[in-house]
Each structure stands twice: as structure tokens, then as C-alpha cells.
Amino acid sequence: MDAEGFDRRAHQAAGERPEWFDLVHESLIVRDAAGRILAWNRASERLYGWRREQVLGQPVETLLQSAPAELAAAREEQLRSAGRWDGELRRRNAAGEELHVEVRWALHRDDSGAPAHIVETGRDLSERRRAEAALQASEHRYRNLFGAMAASFWELDFSAVGALLRGLRKAGVSDYAGYFAEHPDFARQLIGATRIVDINDETVRLFGRGSKAELLEDLNAYWPDESLPVYAASVLAAVGGLPHYRIEARLRRLDGSVFDALFTACFAPEAVARGRLLIGVIDISERKRAYAALEQSESRYRNLFQAMAVSFWQLDSSGLNALFAELRAQGVSDLHAYIDAHPEFLRQAMEVSVAIDVNDRALTLFGAGSTQELLGPVTRFWIPGRAEAFRGSIEAGWRREPGYQAETRLRTVDGREIDVLFFVTAPPDMRDKGMVLVGNIDISEQVAARAGLRQAQAELAHASRVAMLGELTASIAHEVNQPLAAIATNGAAGLRWLARAEPDVDEARTLLQRMSDDARRAAEIISRIRGMALRRAPEPAPLALDALVQEAVQFLQHELRAQQAQLRLQLAPALPTVQGDRVQLQQVIVNLVVNALQAMAQAGSPRRELRIETLRTAAGEIELAVLDSGPGIAAEHLDRLFESFFSTKPNGMGLGLPVCRSIIEAHGGRVAAGNRGDDCGARFVVTLPVAATG
Ligand code: ADP
């Protein structure tokens with residue numbers, strides 16, 4: 015039988031027309047008693063992927079491989095006995111893919127009652143199966159989430175609320191918000207009408223006391239009066255068709271305590287259609303507390319920042335951090351050396367150190383009318399060539415030190431220059447965030463006062479030098495007189511040699527040479543004295559202590575002779591230099607020697623010996639000692655020698671030693687008085703630091 019023949023028979027068997035046959039949505043297959051396919055409609059072609067002409071006459075089971083195969087006999091048996099069979103089968107399509115098909119078989123018998131053909135309708139279940147499985151999975155996931163989430167979840171049934179609202183509308187109320195505000199009881203009624211369907215574990219933990227059942231009672235328990243507007247607003251959101259609504263609200267636990275919550279109502283359309291609503295609640299009291307604390311500390315900081323009587327600047331140093339990162343990437347490890355080689359880096363660093371806030375005191379100190387005038391790069395406040403403190407501060411930052419402090423001079427916006435103590439506070443974690451706090455304390459007055467003090471000290475030192483010269487007048491006069499007398503004598507002798515009948519020119523030349531030498535000596539003495547007498551500002555320079563002692567001794571030579579004192583010098587060779595003012599340090603030596611001579615003379619000591627020693631101490635400092643063989647210092651005077659106006663001499667002013675001390679201290683050193691251990695006599699020791707460059 016050809017395909018046409020089968021088709022025809024099938025149509026006859028089905029008793030229907032082919033057009034109808036193809037219009038049916040479901041798969042329609044007719045097979046004979048042996049299972050060979052007699053008819054195959056369009057829906058079958060779509061479902062199984064085989065075209066009609068491919069399948070007619072084929073055994074249906076070979077083609078579609080119905081499973082479970084082991085039940086095939088049972089299926090046939092039921093078909094034969096009952097005339098029908100319904101069930102689900104797994105089959106293969108033309109592409110070999112598995113399909114789930116719901117089939118119905120009906121057995122038709124011929125006139126003799128023998129099985130003639132079977133009509134099968136089939137419906138694809140695969141799609142539905144997949145959708146169902148997906149739904150199940152998502153439901154399962156949702157259930158898991160619902161139960162396990164760290165947020166409290168409530169599934170609510172608000173069908174009754176809908177009825178109440180419809181009632182309102184019928185009564186002519188259109189402005190729900192206004193109505194709820196005026197009728198808080200109605201809101202309570204709405205809450206009471208909301209049924210709690212389910213809650214998760216977190217809800218039990220957050221709201222309850224351990225049991226889930228007691229929480230499912232009345233929703234009103236969780237809504238304090240203060241939060242009624244929140245409930246009303248969420249109902250309005252639902253009515254307004256919003257997909258969800260989120261707000262902060264105060265909710266109540268079963269134990270009556272109230273807490274801050276983030277309340278989220280979720281109006282999924284399909285849930286709303288079923289009268290269901292999902293609510294999520296997160297306890298945010300901790301977060302609120304932390305936020306409040308943060309706010310408080312921020313405001314405390316702002317208050318401090320503003321109220322401090324010190325100029326404060328907040329700088330954004332993220333640009334500087336970026337510059338540093340670049341340098342480190344280039345392999346720079348020593349910023350100090352780098353700046354020595356690239357001095358322009360300082361300006362670059364200033365340009366990216368940007369003031370973002372300043373306090374009121376900064377405005378007054380820097381002569382600004384508004385905050386705006388001070389904001390921006392700090393470059394213009396630094397005086398070119400005087401930015402050591404800026405350099406120091408960024409080098410400290412490079413080393414990740416938490417702070418830096420230095421005295422410096424800055425320029426104000428109105429063009430003045432001010433002396434400030436400049437300090438930077440930037441703990442590493444702040445610095446990493448690009449935050450640096452800079453303070454400036456105005457020290458103009460201190461700096462002026464210090465300068466004034468230096469000036470006064472210099473003047474006192476001068477006055478005391480002049481007084482010292484006064485004490486040495488006799489000696490000075492004698493010293494100057496000596497060369498002058500020699501000049502006079504030699505001049506007279508020279509004249510005599512020339513007045514001879516035969517003038518002795520050679521002799522006269524020798525005498526003239528001596529006169530010239532003496533005149534130079536006199537000039538030198540006068541210049542030395544002038545140096546001592548002159549009033550001038552100290553001029554620090556590196557000095558060799560030996561030379562200083564020698565010069566001072568020259569100054570005192572006549573005095574030593576006059577007092578019949580013996581001088582012994584013990585000068586250590588090759589001492590490093592000290593940094594200081596020549597005249598002032600000489601003044602100290604002369605003063606100590608004159609005091610020693612006076613003490614020996616006053617006591618009428620028969621043996622007058624004076625020793626000046628220099629040496630380097632174990633600590634690396636330089637020591638100068640003046641020792642005499644006089645009476646020494648009385649124990650009760652030891653503490654008072656350096657007091658101003660303390661003197662044991664009839665005409666003493668008592669300023670020599672205090673001036674010596676202030677000179678030595680201004681040189682970074684110290685001076686001490688004591689008695690010689692071995693013999694009688696006093697011992698004064700001056701200690702000075704070595705010059706930094708020496
Ligand atoms: P003045 O020389 O005008 O008294 P000084 O300040 O130089 O003022 O000295 C203060 C006092 O210190 C002296 O009056 C003296 O009593 C004591 N004094 C200083 N040097 C010595 C010394 N070498 N030996 C003993 N006493 C000394």
C-alpha cells in the first residue's frame with residue numbers, strides 16, 4: 015500500500031476530512047493494529063519533527079521510542095481490554111531529543127470486533143514541565159531566602175484591607191491620606207485587618223521572645239502610634255500602584271521596646287492579585303547610633319577646628335600623595351637628596367597641597383576677608399627661598415611621620431610677613447586619605463622679644479666690655495705708651511746720627527725701621543682696643559680657640575707683667591673650630607683672666623700663677639679653663655657668682671660673670687665656677703660645642 019492509500023484509509027478510519035485533521039492543535043496519529051502509522055497531522059509534524067510522507071507505514075514505536083518501554087505490554091493490554099489508555103510517555107523527536115508527551119489512545123474495532131486502528135492524541139508536556147520545575151525552584155529559593163535572610167520578613171494577607179478601602183471609596187472618600195491623618199483609629203483598624211500569614215526566623219529573633227506562634231496574632235502590636243503615618247503611607251503606595259515602598263520607621267517588639275527599622279513593602283503584582291504583601295524589616299538602630307556618634311564627633315571636630323585660638327588649615331594632600339607615588343615608582347628613596355637635585359619639586363609640591371578649609375583665626379592671622387581668599391594651593395604663602403619648613407614637612411610626610419613642627423616666616427594675603435610656629439598633623443591613615451591638618455601659631459611677638467633680648471644682651475656685653483677697658487686703662491695707656499716712647503727715643507737718636515759731621519745713614523735707617531715697627535705696633539694695639547670698645551652686632555663665624563686665646567693674652571700682656579703674674583698656656587693642638595663672635599668670646603677670656611689677676615692681687619698672694627688650658631672633652635665638646643693661684647671662691651659665694659651685681663670687690667659692678675654666662679649660653683655652651691682640687695685658687699670652665707661645619 016502506498017502512502018496515499020494509508021492516508022486515505024486513515025481518513026476513512028477517522029471518519030474526518032484532511033483539512034479538519036490538520037487544523038487540530040494537538041498531535042493526532044492513527045495507527046493500525048500492528049502499530050504502523052496510517053495518519054499523521056501537522057501538529058504531529060511540529061511536535062515530533064517528522065514529515066507525514068516520512069512516517070506513513072512506519073511502526074510508531076520504532077519511530078518515537080516511547081518510554082518507559084518496559085510498560086509497553088501493560089499499556090497495550092489495557093488498550094485492548096478497556097479500549098483506551100491515557101498517560102505520559104517520554105518520546106524522541108526527529109532530532110533525537112527527549113519529549114514529555116501526554117497521550118490518549120482510543121481503540122476502534124472493525125465490524126467483526128477485531129482491533130482495526132488506534133487513534134492517538136498527544137500534547138507536549140516538556141515546556142510545561144520545564145516551567146513547573148523552574149517555578150518550583152524559584153519558590154524553593156524564595157522559601158529558603160525568606161527563612162534564612164538576615165532581615166525580618168513578613169508575608170501579610172491584606173484582602174480584608176482592600177474591602178475596608180473599597181468601603182471608604184463607596185462612602186465617597188477619595189483623599190485617603192487626609193482621611194488617615196484625621197482618623198488614626200481607621201489606620202489601626204486597617205492594621206488589625208491585616209493577617210500575618212508567615213514570618214521568618216529573623217522576625218522571631220528581632221520582634222519576639224522565642225516562639226513563632228505568639229507573633230502571628232495581631233499586627234497592631236508592632237506598630238507604635240508614632241509610626242501610624244508610615245503604615246498609612248505604605249497603604250497609599252500600594253493603592254497608587256508603586257512596585258515597592260521603603261521608609262525608616264520606629265517599630266515595637268513584643269516586649270514593648272521600640273527600635274529604628276528600615277521598612278520595605280514589596281507589592282509584586284501577582285502577589286497583590288492574591289491579596290498578599292511582603293514586608294522586610296531591618297534593624298538599623300546600631301547604624302543610626304553609629305551615624306549619630308559620627309555626626310557628633312564630626313561636629314565636635316568642626317567646633318574645635320573653628321574655636322581654636324590657633325590658625326588651622328585643612329589641606330587636601332592627595333595630589334602630593336600622587337607625586338610621592340610617582341617618585342617611588344621611579345625608584346626614589348631619599349626625598350631630601352631628590353629635592354637637592356630637583357629644587358623645582360618644592361614648588362610642584364606646594365601647587366598640589368591645596369587648602370580646602372580654614373578656621374576664623376586663620377582669616378585674621380593671614381589678613382583675609384573671607385575663607386575663599388585662603389583656599390587653593392598654598393604656594394603664595396611661602397616666601398621664595400624661605401621654605402625650609404615646607405620642605406621639612408613634606409620630607410616628614412614622605413617618611414610617614416605623624417607630625418612636623420618648625421618655626422618659619424609666612425606671607426599673608428595682604429602682603430605682610432609673619433613669624434609662625436608651623437605644625438603639621440597627619441597620622442598615616444589620614445595622610446593616605448589625602449587629609450593633612452596644618453596649624454600656625456603667631457610668634458611674631460616672641461620672635462621680636464627674642465631679637466630684643468639678643469640686642470639687650472649685646473648692649474650689656476658692650477657696656478661690660480667698656481667697663482672692662484676702663485679697669486684696664488692704666489695697662490692700656492702703658493701699652494700704647496711703650497711704642498710711642500720707643501718711637502720718640504729712636505727718633506731723637508736718629509736725628510743725632512744724622513746731625514754728625516759725617517751722618518751715619520745706615521744707623522739712621524735702622525732706627526727709622528724700628529720707629530716704623532713701633533708705630534705699627536701702636537696702631538695694632540689701638541685697633542684691638544677699638545674693636546673691644548666698638549658697639550656692633552655679633553657676627554658669628556668659625557673660630558680657632560687657640561688663636562682667640564693668643565689674641566686675648568696679647569691684650570693682657572702688660573697687665574700680667576704689672577701684676578707679676580706668670581702665665582702658662584696649655585693649648586690642645588688641632589682643636590676643631592667653634593662657631594661664634596670673635597670679640598664676645600675674647601671678652602669672656604679677658605674677663606676671666608682679669609678676675610683671676612684681681613683675686614690674686616686682692617689676696618696679696620705671693621705666688622701669682624695663671625693657667626689657660628684648652629682641650630676636647632670625651633663628649634666631643636671644647637673646653638677652655640682659666641685657673642689661678644688666688645684665694646679661690648668661698649663656699650657661700652659659689653652659687654651667687656653669676657648673679658647680676660654680685661661682687662666682693664670695693665668698686666666691683668658684679669656684671670662681668672653674668673655677661674660671660676649670657677655670651678657663652680648664646681653660643682650654645684655653658685660656664686661653671688669652682689675651686690682647684692690640688693691647690694688653692696679658682697677654676698672657671700667654659701664649654702662650647704664644635705662648629706657644625708668644623
Ligand atoms: P666684679 O668683677 O665686678 O666683682 P664679676 O661678675 O666679674 O664682677 O665677679 C663677681 C665676683 O666673683 C667677684 O666679685 C668675686 O667675688 C668672684 N670672683 C670672680 N672671679 C674670681 C676668681 N678667679 N677667684 C675668686 N673669686 C672670683
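Add 14 to a position in the sequence shown, counting from 1, and you land on the number used in this note's numbering. Each residue gets a CB set at the ideal place from its N, CA and C atoms; glycine is no exception.
- Which ranges does the beta strand (DSSP E) cover as unbroken runs of at least 3 residues, wholly within the region 538 to 598, from first to last along the chain? Counting only runs of 3 or more, we get 555 to 557, 580 to 585, 592 to 594.
- Message: For a test of the three-state rule: what should DSSP assign to residue 665, helix, strand or coil?
- Response: coil
- Bridge partner(s) assigned by DSSP for residue 280: 258, 292
- For residue 78, I'd like the list of residues in its chain whose CB is within less than 7 Å of its CB, leaving aside the five on either flank, ordered along the chain. 62, 105, 106
- Query: Three or more beta-carbon pairs under 8 Å between the region 125 to 143 and the region 163 to 174, yes or no?
  - Reply: Under the three-pair Cβ rule at 8 Å, the region 125 to 143 does not count as touching the region 163 to 174.
- Query: If residue 672 and residue 698 are in contact, beta carbons under 8 Å, what's the gap, nearest whole angstrom?
  - Reply: Their Cβ separation, rounded to whole angstroms, is 13 Å, which puts residue 672 and residue 698 out of contact at 8 Å.
- Excluding sequence positions up to five away, which residues of its chain have a Cβ less than 6 Å from the Cβ of residue 333? 366
- Message: Rounded to the nearest angstrom, what separates residue 427 and residue 319 at their Cα positions?
- Response: 21 Å
- Message: Measuring straight from C-alpha to C-alpha, what distance separates residue 464 and residue 308?
- Response: Going from the Cα of residue 464 to the Cα of residue 308 covers about 44 Å.
- Task: Measure the C-alpha to C-alpha separation of residue 422 and residue 458 and round it to an integer number of angstroms.
- Result: Spanning the two alpha carbons is a distance of roughly 10 Å.
- Task: Name the residue from 58, 149, 696 whose alpha carbon lies nearest to the alpha carbon of residue 622.
- Result: 696
- Task: Could you spell out where the alpha helix (DSSP H) holding residue 181 opens and where it closes?
- Result: 173 to 184
- Message: Using the three-state DSSP reduction, which class does residue 344 fall into: helix, strand or coil?
- Response: coil
- Message: Measuring straight from C-alpha to C-alpha, what distance separates residue 100 and residue 184?
- Response: So the alpha carbons of these two residues sit roughly 52 Å apart.
- Could you check if residue 687 is buried or exposed, using at least 16 other CB atoms within 10 Å of its CB as the buried criterion? buried
- Message: Spatial neighbours of residue 489 within its chain, please: C-beta separation below 7 Å, excluding the five flanking residues on both sides.
- Response: 572, 573, 576
- Task: Run the CB neighbour count on residue 493, radius 10 Å, all protein chains shown included, and call it buried at 16 or more, exposed below.
- Result: buried
- Query: On the three-state DSSP scale, how would you describe residue 621?
  - Reply: coil
- Query: Which residues does DSSP pair with residue 121 in a beta bridge?
  - Reply: When beta bridges are read from the DSSP output, residue 121 appears opposite 132.
- Going by DSSP, what residues sit across from residue 114 in a beta bridge? 104
- Query: Within 9 Å (strictly less), CB to CB, does residue 49 reach chain B?
  - Reply: The structure shown contains no chain B; it holds only a single protein chain.
- Local conformation of residue 52 per DSSP, three classes: strand
- Query: Would the region 590 to 604 and the region 556 to 566 be scored as touching if the rule is three or more Cβ pairs under 8 Å?
  - Reply: yes
- Where residue 80 and residue 39 are concerned, what is the direct C-alpha to C-alpha distance, given to the nearest angstrom? 21 Å
- Message: Please state the DSSP three-state secondary structure of residue 74.
- Response: helix
- Could you say which of 467, 604, 321, 515 lies nearest to residue 551 if we only look at CA atoms? 467
- Taking three-plus beta-carbon pairs below 8 Å as touching, is the region 623 to 632 in contact with the region 579 to 588? The region 623 to 632, when compared against the region 579 to 588, does touch it at the 8 Å Cβ threshold.
- Residues in its own chain within less than 8 Å of residue 608 by CB, not counting five upstream and five downstream? 482, 485, 486, 570, 573, 670
- Query: What is the DSSP secondary structure of residue 298, reduced to helix, strand or coil?
  - Reply: coil
- Query: Near residue 474, which residues of its chain fall below 8 Å by C-beta distance, leaving aside the five closest residues on each side in sequence?
  - Reply: 669, 673, 676
- Message: Checking 9 Å against the spacing of the C-beta atoms, do residue 325 and residue 401 come in under that value?
- Response: The answer is no: Cβ separation not under 9 Å.
- Residue span of the alpha helix (DSSP H) that contains residue 676, given as start and end: 670 to 680
- Message: I'd like to confirm the pairing. Which residues does DSSP put opposite residue 449 in its beta bridges?
- Response: Note: residue 449 sits in a beta bridge opposite 330.
- Note down, in chain order, each residue of its chain lying with its Cβ closer than 6 Å to the Cβ of residue 3, except the 5 sequence neighbours on either side. Missing from the structure shown is residue 3; the chain here goes from 15 to 708 and no further.
- Query: Nearest-angstrom Cα distance between residue 708 and residue 362?
  - Reply: At residue 708, the pLDDT of 38 sits below 50, so the modelled position is not reliable; the number obtained from the coordinates is stated separately. So the two alpha carbons sit approximately 35 Å from each other.
- Separation of residue 506 from residue 610, as counted between CA atoms: 40 Å
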